[in-house]
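One gets the numbering used here by counting positions in the sequence shown from 1 and adding 30 to each. Virtual Cβ for every residue (Gly too), placed ideally from N, Cα, C. See below for the structure under consideration.
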Amino acid sequence: MATQDDLKRMAAEKAVDFVPEGEYIGIGTGSTVNYFIKALAVSGKKIKGAVSTSAKTRALMAEYGIPEVELGDVSRLAVYVDGADEINHTLQMIKGGGAAHLPEKIVASASDLFICIADESKYVTRLGKFPLPVEVVPMARSLVSRQLVALGGEPELRLGCQTEHGNLIVDVHGLDLSKPLTMEETINNIPGVVENGIFARNAADILILGRPTGAEVIKIR
Ligand code: 5RP
31 MATQDDLKRM AAEKAVDFVP EGEYIGIGTG STVNYFIKAL AVSGKKIKGA VSTSAKTRAL
91 MAEYGIPEVE LGDVSRLAVY VDGADEINHT LQMIKGGGAA HLPEKIVASA SDLFICIADE
151 SKYVTRLGKF PLPVEVVPMA RSLVSRQLVA LGGEPELRLG CQTEHGNLIV DVHGLDLSKP
211 LTMEETINNI PGVVENGIFA RNAADILILG RPTGAEVIKI R
């Protein structure tokens with residue numbers, strides 16, 4: 031029987047088909063993306079370079095010989111490949127389980143095509159079972175937490191976690207995410223919030239889902 035890791039690997043390997051040679055791309059963070067980095071290297075496809083979204087991704091790219099480029103040195107990226115913690119049927123996502131959703135959203139916004147790779151357990155009819163990661167400036171932690179309670183959530187500080195930008199992560203349980211775009215904007219308007227893990231404005235263009243029957247490509251736009 032295929033394990034969750036097998037399904038992640040299947041989705042990641044299929045994503046290599048969507049990488050154009052001779053272009054710059056963006057690469058997200060997480061265990062599914064790690065399979066993508068390995069598959070891209072094994073494929074022998076030649077890209078100009080990739081913008082990474084975390085130290086872990088950067089290190090694995092270096093190990094597999096994928097050239098790194100800084101976001102500031104390129105104008106657009108042809109493709110962005112990343113995982114998700116949850117993704118709904120309109121390809122809106124919750125991300126940030128790996129505390130990297132800030133750079134991930136930045137790099138996604140600079141890319142012409144967002145390809146989400148995930149095992150089928152991440153595909154949901156409604157976002158919100160996975161607690162929403164919110165990156166918060168340390169001095170505003172209590173203030174922001176009170177506002178998140180006012181929005182109907184139960185914030186919980188992610189212990190021992192400091193983001194690569196020196197901030198904290200508050201994971202918010204129980205929020206009503208039936209209107210993801212509205213909630214994404216509402217939370218980002220709280221002073222002290224740096225970025226939250228709802229990707230509604232930057233929804234994926236293509237989802238590659240690892241299923242026991244193979245990799246399924248879902249494109250709705
Ligand atoms: C990191 C993320 C990841 O994409 C998300 O947590 C999924 O991770 P994995 O591929 O390990 O299941 O958003 O911030």
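Item: Using CA coordinates, which residue listed in 82, 242, 66 is at the minimum distance from residue 75?; Value: 66
Item: Looking only at its chain, what residues have a beta carbon closer than 7 angstroms to the beta carbon of residue 250, apart from the 5 residues adjacent to it on each side?; Value: 120, 121
Item: Nearest by alpha-carbon distance to residue 156: which of 205, 190, 164 is it?; Value: 205
Item: The beta strand (DSSP E) spanning residue 53 covers which residue range?; Value: Careful: residue 53 lies outside any beta strand (DSSP E) and carries neither H nor E.
Item: Where residue 230 and residue 62 are concerned, what is the direct C-alpha to C-alpha distance, given to the nearest angstrom?; Value: 21 angstroms
Item: Is it the case that the Cβ atoms of residue 56 and residue 80 are separated by a distance below 8 angstroms?; Value: yes
Item: CB of residue 82 to nearest heavy atom of the ligand 5RP: below 7 angstroms?; Value: no
Item: Taking all protein chains shown into account, do 16 or more other C-beta atoms lie within 10 angstroms of the C-beta of residue 35, making it buried, or fewer, making it exposed?; Value: exposed
Item: Suppose you measure from the CA of residue 153 to the CA of residue 116; what does that come to, to the nearest Å?; Value: 6 angstroms
Item: Among 69, 92, 222, which residue has its Cα nearest to the Cα of residue 197?; Value: 222
Item: Roughly how many angstroms lie between the CA atoms of residue 166 and residue 137, to the nearest whole one?; Value: 19 angstroms
Item: On the criterion of 16 or more Cβ atoms from any shown chain inside 10 Å, does residue 47 qualify as buried, or is it exposed?; Value: exposed
Item: Considering Cα atoms alone, identify which of 89, 182, 107 is closest to residue 216.; Value: 182
Item: For residue 219 and residue 69, what's the separation of their Cα atoms in angstroms?; Value: 39 angstroms
Item: Let me check you understand the geometry: is the CB of residue 135 closer than 7 angstroms to at least one non-hydrogen atom of the ligand 5RP?; Value: no
Item: For the ligand 5RP, I want to know if residue 119 counts as a neighbour, meaning its beta carbon is within less than 7 angstroms of at least one of the ligand's heavy atoms.; Value: no
Item: In its own chain, which residues sit with a C-beta less than 6 angstroms from the C-beta of residue 238, not counting the 5 before and 5 after it?; Value: 41, 44, 45, 147, 245, 247
Item: May I ask you to check if the CB of residue 129 is nearer than 7 angstroms to at least one heavy atom of the ligand 5RP?; Value: yes
Item: Could you give the DSSP three-state label for residue 153: helix, strand or coil?; Value: strand
Item: DSSP three-state label for residue 231, please.; Value: coil
Item: In angstroms, rounded to a whole number, what distance separates the CA positions of residue 134 and residue 59?; Value: 8 angstroms
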